[in-house]
Amino acid sequence: MKRYQTEMETISVNEAAQKLSQDPQAFFTEEEDAFDRKIQKVCDYVIERRATIILLAGPSSSGKTTTSKKLLSHLRARGKNAERISLDNFYRSRNELPTWEDGSLNFETIEGLDIAYFQQLMQQLWEKREANFPLFDFHKGCRREKTFHVSYAPDSYLIFEGLHALNPLFFSAMGSQRCIGIYVSVHSDFVLSDHGILLSGRQLRLTRRIIRDQIARGSTADDTIAMWDKVLRGEELYIRPYRSSADIHINTTHGFEPFLYRDKIKAALVDYPADAPSQEMVKELRAGYDPFASCDSRYLSADSLIREFYKEPEND
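Using numbering that gives the first Met the number 0, read the sequence shown as starting at 0 and increasing by one per residue.
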């Protein structure tokens with residue numbers, strides 16, 4: 000299995016465009032099958048090593064949620080008892096969150112999570128073989144009254160997913176259990192042979208977030224971009240110091256993504272305020288998509304990781 004390497008992988012825009020023009024369905028299927036094989040290999044790895052605790056982390060819009068769900072599905076398909084626990088459910092109430100220097104809420108720091116409560120529940124899980132885990136209501140900004148029950152046996156696989164899953168504070172709560180750390184990221188740049196990087200992995204990740212926020216949260220591109228600098232700052236401070244500790248690195252980039260996102264991101268940015276900050280970043284993002292042809296989502300499989308970010312609005 001691959002560990003994290005700082006050097007970015009590359010995807011040839013010309014080769015991807017050729018595949019799309021020749022047989023778009025085959026191109027989509029090829030990319031999705033390749034990602035599924037990565038998940039299968041991870042399952043092989045954790046089963047062979049009898050590592051029943053999986054700590055899966057990664058930056059914003061890297062595909063952590065779907066990756067963890069796919070791991071859960073594959074483990075269960077192999078007859079394993081498995082549960083997935085999102086660390087987002089351990090957020091503190093909005094009025095208890097720490098702030099940045101300007102007074103705005105800091106959603107990025109691990110101090111926004113109730114680590115003591117997590118450690119308490121894990122201790123209960125190890126000792127009593129069961130515990131009730133919280134569910135967080137992000138619309139209300141507080142924990143729900145409803146919880147979900149987790150049972151544990153020595154042969155159970157537990158997947159913990161969240162921004163900070165690789166932080167030592169979570170490792171320390173696992174006691175003597177054998178752990179596997181997984182770092183998930185968008186780790187490919189789209190390149191033109193004669194022009195270098197056309198669309199960077201970070202720009203692709205921003206695109207994912209803009210489109211997802213617009214559909215899932217009703218946010219504008221302006222809303223998402225306004226938070227992006229703090230998201231990136233949080234990653235530098237709280238996530239990247241631990242990525243090299245991961246046993247496995249999963250690159251979630253799919254080669255067809257820019258073609259799929261082109262029209263949506265262009266539409267999302269068309270009304271970006273002329274007096275808003277980050278004009279240069281928005282200009283570069285728009286220009287990055289100019290050479291890509293557009294395609295629609297009918298080629299996406301029902302369980303594609305990309306559906307975490309690209310969803311068609313529901314009909315009334």
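Cβ atoms here follow ideal geometry from the backbone N, Cα and C, with glycine treated the same way. Since the model is a prediction, treat every value here as computed from it, not as a measurement.
Around the beta carbon of V41, 16 or more other beta carbons sit within 10 angstroms, so the residue counts as buried.
Using a 10 angstroms sphere on the CB of A220, the tally of other CB atoms reaches 16 or more, which defines it as buried.
If only uninterrupted beta strand (DSSP E) runs of at least 3 residues are considered, those enclosed by the region 188-247 are 195-198. A check of alpha carbon separations from F308 across T66, A56, F26, F169 identifies T66 as the nearest. For the pair of segments examined, the region 110-126 was found not to touch the region 191-202: the number of CB pairs separated by less than 8 Å stays below three. Under the DSSP assignment, I38 falls in the alpha helix (DSSP H) whose first and last residues are 23-47. Taking the CA atoms as reference points, E14 sits about 27 Å from R211. Here K310 has I214 as same chain residues with Cβ atoms under 6 Å from its own Cβ, once five neighbours each way along the sequence are excluded. The C-beta separation of I38 from V45 comes to about 11 Å, leaving the pair out of contact by the 8 Å criterion. In the DSSP assignment, E279 falls within the alpha helix (DSSP H) that extends over 278-288.
Counting the other CB atoms within 10 Å of its CB gives D101 a total below 16, which places it among the exposed residues.
Remark: C-beta atoms of R239 and T223 do not approach each other more closely than 7 Å. The beta-carbon distance between T51 and L157, rounded to whole angstroms, is 7 Å. This is short enough to meet the 8 Å contact definition.
Ranked by Cα distance from I305, the options E129, V185, L104, S150 are led by V185. Looking from the CA of Y298, the closest CA among Q24, R177, Y3 belongs to Q24. The shortest C-alpha to C-alpha distance from R232 to any of K127, H248, A292, F106 is the one to F106.
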